[in-house]
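Throughout the sequence shown, residue numbering follows our numbering, covering 404 to 524 in sequence.
Positions of the beta carbon are idealized from the N, C-alpha and C atoms, including for glycine.
All of these numbers come straight from a predicted model, not from anything done at the bench.
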Amino acid sequence: MLEARLLWNRATGRNGGQLVSNAAENNASWRQALGPEQARQVIQLTFNNVERMQQLVNDVRLKEEAEYRDIQKVRAYFDHDSFNAMLSSVAQLKADCPMVYALYAMLTGAQEVEISSPPSP
């Protein structure tokens, strides 16, 4: 679904125009439920879907109407258990999908971040 303020009067669960994959967040649970190979296929499917939707929005010049924008996400963790679970999921993602892993940066402590455009998966 691609909409901007028309279908069901904003009741479609929009997330501010973000079009992203949550591969790192979901990798561990997908591996457990589906096995490593199918989880890898689901991850690749999510990135392929994001890429295809980006192409569609640009091809039909809907970028402004759909309120689509390229973004970078930052996640902050305020408890050790959640952060450690994410570290584990991302480490497994590195082993399973190195091309996707390159999109993620995990920072611990007081590391500085240089913001740049992420590479394409």
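Check	Outcome
Determine the direct distance from the alpha carbon of K497 to that of L490, and round the result to whole angstroms.	11 Å
Between the alpha carbons of I446 and E468, how many angstroms are there, rounded?	28 Å
Sorted by chain position, which residues of the same chain lie with C-beta nearer than 8 Å to A414's C-beta, five sequence neighbours on each side aside?	Low confidence applies here, because A414 scores a pLDDT of 46, under 50, leaving its location unreliable; read the following figure in that light. For A414, where only same-chain residues beyond five positions count, there are no Cβ hits under 8 Å.
What would DSSP say about L506, mapped onto helix, strand or coil?	coil
8 Å is my cut-off, CB to CB: does E428 come that close to chain B?	Among the protein chains of the structure shown there is no chain B, as only one such chain exists.
Determine the DSSP secondary structure at V463, reduced to helix, strand or coil.	coil
Quick one: using the 10 Å Cβ neighbour count with 16 as the cut-off for buried, is Y471 buried or exposed?	buried
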